[in-house]
Amino acid sequence: MVSTAFRAAADSDAVWARFLPPLELVTPEPQSKKDMFLRLLDGPVLLRDRLMDMTMWLDRETFAKCYMLSARKLFIASSHMPQHWSWIPLSDSMFSEGAQLNSVTWLEISGSIHTDMLTPDSKYGAYLVFKRTQNFSGFNYPIQKATLYFGQIMEYTSPVLLGENWTPPPELGVAQPQRRADGWMEISLGHFHTSGNPFYAVMSFSLMETEGEVTQKRGLIVHGIEIRREKSG
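FYI, the numbering for the sequence shown is 487 to 719, going by this note's numbering.
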């Protein structure tokens with residue numbers, strides 16, 4: 487038989503709290519930390535803040551904390567200027583809106599997360615989640631660049647290509663988009679490994695095209711940036 491003390495410990499909030507960040511879920515909030523843990527294993531849940539602009543869930547294999555930052559949570563250059571970007575409703579998202587690119591020559595999209603929100607000693611990947619509209623153009627050349635910083639130190643940089651009309655040679659090592667099960671597309675912005683000891687720092691990640699030949703870009707819908715646990719190996 488399972489002892490009463492063991493069962494009480496298993497149901498204790500203190501046991502389950504170590505798997506959870508110090509954040510609140512949107513209502514209705516689970517009654518206990520164990521209920522919250524089980525809810526986060528089921529899939530993404532909106533976190534409670536002013537804009538409802540971030541979701542969280544737990545990886546089913548390792549219980550690592552994973553997040554999606556909405557487009558509103560990101561820095562998108564010129565997103566406050568309607569001639570360049572529009573904020574549109576999203577019918578296939580937990581977020582109410584996304585950013586649609588009307589026309590820019592300078593592309594810069596970036597986000598960040600504090601390491602104390604992540605699970606220690608875990609491998610993570612950051613991904614830009616997006617869609618292409620019918621007038622999508624301007625992303626085949628020059629190639630875009632993904633960069634990942636740990637604090638002020640560059641951890642990763644790689645060429646990426648959002649365009650669809652050119653397949654770069656494999657030797658260039660250019661990352662290309664992949665289609666997701668939810669109908670969106672994603673492209674890798676980099677990978678990193680958290681320390682075994684929790685400490686405070688900022689991981690930041692970006693996708694940019696600010697150099698080389700100037701081209702008009704349009705037809706991109708930004709959903710957000712996903713930070714999720716990666717399988718080792």
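For every residue, glycine included, the Cβ atom is placed at its ideal position computed from N, Cα and C.
As the structure is a prediction and not an experimental result, all values here were calculated from the model.
- The beta carbon of GLU641 lies closer than 6 Å to those of LEU634 and PHE678 in the same chain, with the five residues before and after it left out.
- Going by C-alpha positions, LYS703 is about 12 Å away from GLU594.
- Contact annotation: TYR613 and SER674 have beta-carbon atoms nearer than 7 Å.
- Cβ-Cβ separation between ALA557 and VAL688: approximately 20 Å, too far for a contact (criterion under 8 Å).
- Looking at the DSSP output, LEU706 shares a beta bridge with ARG618.
- Counting of Cβ neighbours within 10 angstroms places SER518 among the exposed residues, the total staying below 16.
- Leaving aside the five residues that flank THR643 on each side, the residues in its chain whose CB is nearer than 6 Å to its CB run, in chain order, THR633.
- Secondary structure note for LEU675: it is in no alpha helix (DSSP H), and the uninterrupted beta strand (DSSP E) holding it is 671-679.
- When Cβ pairs closer than 8 Å are counted between the two stretches, the region 708-718 is seen not to touch the region 618-626, the count staying below three.
- A Cβ-Cβ distance of about 13 Å is found for the pair HIS566 and VAL590, leaving them out of contact under the 8 Å criterion.
- Within the model, the alpha-carbon separation for LEU693 versus MET554 is close to 16 Å.
- Between the region 573-587 and the region 643-663, the count of C-beta pairs closer than 8 Å stays below three; the two stretches do not touch.
- Per DSSP, the continuous alpha helix (DSSP H) segment holding LEU527 begins and ends at 519-528.
- Assignment of MET640 by DSSP, reduced to helix, strand and coil, places it in the strand class.
- The Cβ atoms of SER608 and THR541 lie no closer than 7 Å to each other.
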